[in-house]
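Note sheet for the following structure.
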Ligand SMILES: NC(=O)c1ccc[n+]([C@@H]2O[C@H](COP(=O)([O-])OP(=O)(O)OC[C@H]3O[C@@H](n4cnc5c(N)ncnc54)[C@H](OP(=O)(O)O)[C@@H]3O)[C@@H](O)[C@H]2O)c1
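In structure tokens, the structure reads:
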């Protein structure tokens, strides 16, 4: 699968690492092209077999099957509006956590979510999926915490799109949890607000914990 990641920060690194482990082609594009180039060069050593990574320009969106918005929520919404019909038919992955600076509240109104706001800004036919918002960037690089693969919770209104994200997740050695409709992004974002706040509380988890469902 060709995956275009917009952004060249911590989450771009984490998701690209898992995508390369899964044998996918990753194109990194960022507002500062030098940062995308540097990250692609660093990640090249991890591109074994069919996997490949390179930096690209804005046109990488047009050739992608799956586009990941690895930027802050407000930038993700603006980019979605700006890209418009170019995203139509594509799977657009929102990974954002719309939290305030003190980690005390979400910046989206009750009864909606960042994912739904992004879907509202997207051109018709854009298949928005929420995923990776509960996985901290450092844990994505290793793919596990305490020897257990990370869970990635996936919400979206298009089942085929959710399955495509699940394929990225499982091929990268992680565990996909399909939670159904995009409105469940509200719970995923609310839960991650708590998970983030726990990192900075007394005796916090150091941004190295994971959210996992255990079943018999
Ligand atoms: N870090 C985590 O553990 C984690 C976990 C789950 C979800 N998330 C979510 O993942 C997203 C990315 O987080 P991150 O930790 O990767 O952040 P980051 O390391 O700060 O990287 C953010 C990237 O977004 C770019 N960016 C910032 N503002 C932009 C704009 N207005 N237009 C275009 N690009 C812009 C930055 O470019 P410059 O560097 O050039 O400014 C950078 O490439 C956020 O929505 C966050 O809520 C993060």
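Residue numbers (the numbering used here): 61 to 276.
We treat Cβ as the ideally placed atom computed from N, Cα and C, and that holds for glycine.
Taking one beta carbon from each stretch, the region 181–201 and the region 144–160 have 3 or more pairs nearer than 8 Å; the two touch. Between ligand 1 and residue 68, a heavy atom-to-CB distance of less than 8 Å is present.
Under the three-state reduction of DSSP output, residue 264 falls in the coil class, being neither helix nor strand. Listed in chain order, the alpha helix (DSSP H) elements of length 4 or more contained wholly in the region 109–134 are 120–123.
Taking the CA atoms as reference points, residue 267 sits about 9 Å from residue 258.
In the DSSP assignment, residue 213 is bridged to 237. DSSP places residue 87 inside the beta strand (DSSP E), whose first and last residues are 85–89. In the displayed model, residue 75 falls within a helix according to three-state DSSP. Between residue 81 and residue 250, the gap from beta carbon to beta carbon reaches 9 Å or more. Ranked by how close their Cα comes to the Cα of residue 240, the residues 234, 222, 159, 253 have 222 in first place.
Relative to ligand 1, residue 274 has its C-beta separated by 8 Å or more from all heavy atoms. If you draw a 10 Å sphere on the C-beta of residue 275, you find fewer than 16 other C-beta atoms in it, and that means exposed.
Taking the C-beta atoms as reference points, residue 88 is found nearer than 9 Å to residue 76.
Assigned with DSSP and collapsed to three states, residue 150 falls in coil, not helix or strand.
Each residue's CA atom was taken as its position, placing residue 264 and residue 192 some 21 Å apart. Shown here, residue 190 sits in a strand according to DSSP, grouped into three states. Residue 166 is bridged by DSSP to 159. DSSP places residue 64 inside the beta strand (DSSP E), whose first and last residues are 62–66. Just so you know, the alpha carbons of residue 271 and residue 130 end up roughly 20 Å apart.
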